[in-house]
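There are 2 protein chains.
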Amino acid sequence: MDTGDRLLTPGEVAALFRVDPKTVTRWAAAGRIGSIRTPGGHRRFRESEVRALLEGEGMLDEGEDVANRPRNVGPTASTGPGPANAGMY
Amino acid sequence: MDTGDRLLTPGEVAALFRVDPKTVTRWAAAGRIGSIRTPGGHRRFRESEVRALLEGEGMLDEGEDVANRPRNVGPTASTGPGPANAGMY
DNA sequence: ACTTATTTGGGTAATTGGGGGT
DNA sequence: TCTGTCCCAATTACCCAAATAA
């Protein structure tokens, strides 16, 4: 079902992360952040995901381990993003 | 299965996509989204189609496990859950 | 027939996408 | 390797006034 969260524009996400909108676009292109495309081709980002990314950035452990490369995402397509946000407006 | 042909107004679709209602009208005019015209000339959109568009390409494995987040995404993971977007310009 | 909110139409500025190079 | 900036083309957002929907 629908996640039901608001969508953010690239500029909004860029402002939240204090980066250039192009950088946000690269994150989406690289698959580091989920993105929804409008029929026109522009991207929209889920606010819950962006906020989770923002909150999680203060993590510990910076082990740069190249040996750990999960090159393949399993077919376990978890459609719904974990948090069941019941924020319907 | 239930198609759910509820009709949505341009304002509803615009809110779902986080765009301007005028943009939704342009999508309909460009044939990117199906639309039904009222006798007065206003457009209505099918909820099932809108939802399919929203979830059709916004699906990415969203593991919010930043602690275990591999910074280097491996090589070309051809396991793309979604088909290559066929709407680029 | 009324009012209120939304949609329509055209035109112009701002944002976005993709590629390239620092 | 990652990010910021350049280009151009396409898409999108906001301005107006009139018509439609409920």
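In order, the protein sequence lines correspond to chains H and B.
If you use UniProt numbering, the first sequence corresponds to residues 1 to 89, in order.
If you use UniProt numbering, the second sequence corresponds to residues 1 to 89, in order.
Glycine included, every Cβ here is placed at the ideal spot set by N, Cα and C.
Every value quoted in this text rests on a predicted model; they were computed, and no experiment measured them.
F45/B does not reach chain H, its nearest Cβ partner there being about 11 Å away, counting only Cβ pairs nearer than 7 Å.
Under the three-state reduction of DSSP, R18/H is assigned to coil, being neither helix nor strand. Distances from the CA of V24/B to each of D5/B, G40/B, R44/B were compared; the closest alpha carbon is that of R44/B.
By the C-beta density criterion, L54/H is exposed, having fewer than 16 other C-beta atoms within 10 angstroms. Within the DSSP bridge table, the entry for R43/B names R37/B as partners.
Looking at D20/H, W27/H, V19/H, R46/H, the one whose alpha-carbon comes closest to that of F17/B is R46/H. Interface criterion not met: the Cβ of R18/H is under 8 Å from no Cβ in chain B. The beta-carbon separation of D20/B and A14/B, rounded to 6 Å, stays under the 8 Å limit for a contact.
Within chain H, the residues placing a beta-carbon under 8 Å from that of R32/B are P39, G40, ordered along the chain. At a cut-off of 8 Å between beta-carbon atoms, L53/B makes contact with chain H. Under DSSP, the beta-bridge partners assigned to L7/H are R46/H.
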